[in-house]
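Please read the structure below before turning to the comments.
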Amino acid sequence: MTTFIATVEHLVKGPVWGCQDCGQCVLHSTGMTCPMNCPKTLRNGPCGGVRENGNCEVKPEMQCVWLKAYDRTENWPLPKTWKAEYNHLRPPVDNRLKGTSSWKNFFTKRDRWTPAGWAKSTDEAGH
Amino acid sequence: MSTLEHKLTNTTEMVFTAEFHSLDGNGLEKAKKYADRFQGWFDGVNATDNTAAHAHASNVATAIAIKQLGLEPIMQIVCRDKNRLAQQADIMGASMFGVENFVALTGDDVTAGDEPEARRVFDLDGPQLVRLMSTLKHGEYMSGRKIDPAPQMFIGAVENPAAPPFEYRVERVAKKYAAGAKFLQLQICYHQDRLEKFCAGVKSAGLAGKIAIIPTVVLVKGPRPLHFMHNSVPGIDVPEDQIARVEKAADPSEAAYLQTLEFARHALDQPGVRGLHITDFRNDETLERLMSDLGRVRQAVTT
Ligand code: SF4
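Protein chains in written order, with my numbering: chain A, 1 to 127; chain B, 128 to 430.
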């Protein structure tokens, strides 16, 4: 069943959003732009290497994923709560979830698990 | 508390930092030569981490060498080459030798270097690495395992005010500040208007004075390195008129120096700016000249 859900999710999200099956979907908070398509798999905004024309440092023919995400967050009619999450600090990827269904992980809240040190320092102010 | 942290936290003085040259062989002897040029001028010296995706003596070893040579190291850590376990190990290792200042960077991609076939890691991204540093500073590894006593750390990050999307760069500063960054070394920026907007943005976001902005200038000998940076360094755009100004000058070397001096003065005038980071390709006496022209006096070396 689990594999079945993952397969369906891949079939739907793969062609539309370029889903990379990280298993912890953040599309809603990134203007429906999958950050795993950034060659550096950055989940918290663009690196310093974005070219003058807005294209990617690594793939000069591709628009920087984060420019696209920014543009869509600003201009697409997405829910306000989603837009507000754009600037949240997204936690490091849990590499164990690769290839599993983020839909399932969402409903079981598995995708919200973070290591104890991370969870705590996120609660406290960083300073 | 590191002397850099003390100066930025408890005084209003400008701080000056420099970039230590990468070491490839002849290690400590060469390190001493480099250090001698910096002695007495700088509040911190960056130990780079495989800069421009080229392998060199490690950031940890270089930071320790800088410390042992009587300078204050600022250890850069990029996300390209190591996963979170190795990054934590490097910080804890450097901390054993008294390294306290750390700067988190995303890092250039492997394809920018001379071993583009290497695996890129990017297990964490820049803001996540800042948060990881805060976790260590609060006495825990990422897993929650205790570190007692917690390492002494002064945490910084890097931002590029000159790369699109410009409006978003300030929001990224806010994110890094919230994650625990207290100072921000900027990438080289040859667009004064972009730096002005960036600093004004940081100020209107209420972050001026909370996170110390340290722009970067670079000392070059002529137009060649300007062309090189423009064409080959990711995220650096040098406008044509700035290149022409050096290229067409009767004395390109002097014109290049004056250009850097002008950029340095301009940067120091921006709101929220607490100092200057100097990269030095020249290896000549202009480093001292620049410092003197900026009104710095060389401190007596205490070691
Ligand atoms: S330019 Fe954009 S897409 Fe390319 S590596 Fe940097 S952040 Fe990722």
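By construction, the Cβ of each residue, glycine as well, lies at the ideal position given by its N, Cα and C atoms. As the structure is a computational prediction, the values presented were derived from the model and not from experiment.
Query: Chain A residues whose Cβ lies nearer than 7 Å to that of B/Glu242; Result: The contacting residues do not exist; B/Glu242 stays about 15 Å from chain A at best.
Query: Min CB distance B/Glu146 to chain A below 9 Å; Result: no
Query: Candidates B/Asp407, B/Tyr161 and B/Ala231: closest to B/Val285 by CA position; Result: B/Ala231
Query: Simplified DSSP state of B/Ala190, which is helix, strand or coil; Result: helix
Query: Residue span of the alpha helix (DSSP H) that contains B/Ala221, given as start and end; Result: Arg211 to Met223
Query: Meets three-Cβ-pair contact criterion under 8 Å: the segment 157 to 168 of chain B and the segment 114 to 121 of chain A; Result: no
Query: Residue nearest to B/Ser331 in terms of C-alpha spacing, selected from B/Val300, B/Asp320 and B/Gln314; Result: B/Val300
Query: Whole-angstrom distance between B/Phe281 and B/Gly422, CA atom to CA atom; Result: 27 Å
Query: Under the three-state DSSP convention, the category B/Gln369 falls into; Result: helix
Query: Min CB distance A/Thr33 to chain B below 9 Å; Result: no
Query: With 16 other Cβ atoms within 10 Å as the buried cut-off, status of B/Val424; Result: exposed
Query: B/Thr139 to B/Thr130 span [Cα, whole Å]; Result: 13 Å
Query: Beta-carbon proximity check, B/Ala289 vs B/Gln314, cutoff 9 Å; Result: yes
Query: Proximity test, A/Pro129 beta-carbon vs ligand 1 heavy atom, cut-off 8 Å; Result: Outside the shown range of chain A (1 to 127) lies residue 129 of chain A, about which nothing can therefore be said.
Query: Heavy atom of ligand 1 within 8 Å of A/Cys22 beta-carbon; Result: no
Query: For B/Tyr317 and A/Lys83, the rounded distance between their alpha carbons; Result: 32 Å
Query: For B/Phe310: DSSP bridge partner residues; Result: B/Gly283 and B/Ala339
Query: Against chain A: residues of the segment 282 to 295 of chain B by CB proximity under 9 Å; Result: Ile282, Val285, Glu286, Asn287, Ala289, Ala290, Pro291, Pro292, Glu294 and Tyr295
Query: Neighbour list for A/Ala116 in chain B, Cβ cutoff strictly below 7 Å; Result: Ser270 and Gly271
Query: CB contact below 9 Å: A/Asp21 versus chain B; Result: no
Query: DSSP-derived helix/strand/coil call for B/Lys273; Result: strand
Query: Minimum Cβ-Cβ distance from B/Glu132 to chain A less than 9 Å; Result: no
Query: Integer-rounded CB distance, given that B/Gln203 should sit under 8 Å from B/Asp176; Result: 5 Å
Query: Cβ pair A/Gly54, B/Pro361 closer than 9 Å; Result: no
Query: Through-space distance from B/Ala174 to B/Phe147, alpha-carbon basis; Result: 6 Å
Query: Members of the segment 305 to 333 of chain B that neighbour chain A once the beta carbon cut-off is set at 7 Å; Result: Ala305, Ala306, Gly307 and Gln314
Query: 9 Å Cβ cutoff, A/Ala84 in contact with chain B; Result: no
Query: Neighbour flag for A/Asp111 against chain B, beta carbons, 9 Å; Result: no
Query: Cβ shell of A/Pro46 (< 6 Å), same chain only, five flanking positions each side left out; Result: Cys64 and Trp66
Query: Nearest-angstrom Cα separation, counted from A/Cys56 out to B/Glu374; Result: 29 Å
Query: For B/Met141, three-class secondary structure by DSSP; Result: coil
Query: Closest by C-alpha distance to B/Arg247, when choosing among B/Pro254, B/His181 and B/Glu294; Result: B/His181
Query: Chain B contacts from the segment 55 to 69 of chain A (Cβ-Cβ distance under 7 Å); Result: Glu57, Val58 and Leu67
Query: Residues that B/Thr238 contacts on chain A, provided the C-beta gap is smaller than 7 Å; Result: Val58
Query: Chain B within 9 Å of A/Lys80, Cβ atoms only; Result: no
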